[in-house]
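Take any residue in the sequence shown, note its place counting from 1, add 26, and you have its number in this note's numbering. Ideal placement from N, C-alpha and C gives every residue a C-beta, glycine not left out.
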Amino acid sequence: VNILLLGMVLLGIAMMADTPWGLGVALAPFGVWGARFLFLVHKSLWASVIFWGGIAYFQWQVALVVGALFGLTCFIRVARSAY
């Protein structure tokens, strides 16, 4: 899968010369890789606390928004399982 995503990055770089949406094609695999990294970090509570603590140290506004969204998704998940 990673080889295909790398090929998609290279294809997107080539597409940027001809089409306006080549940048989106080139950056899409980074969204997949970023999501995998976040899922890996959030398997452990301590790893997620250290990770978000580091993010908060450098960019506290981003950490605040992402933390609020994470809390909202946890709240929705708990509310759905209650019914």
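> Taking Cβ positions only, does SER70 come closer than 8 Å to chain D?
Replying inline: Of the protein chains in this structure there is only one, and it is not chain D.
> Looking at the structure shown, is THR45 part of a helix, part of a strand, or coil, going by DSSP?
Replying inline: coil
>> Could you tell me the alpha carbon to alpha carbon distance between LEU36 and ALA52, rounded to whole angstroms?
In response: 7 Å
> When burial is assigned at 16 or more other CB atoms within 10 Å of the CB, is GLY60 buried or exposed?
Replying inline: exposed
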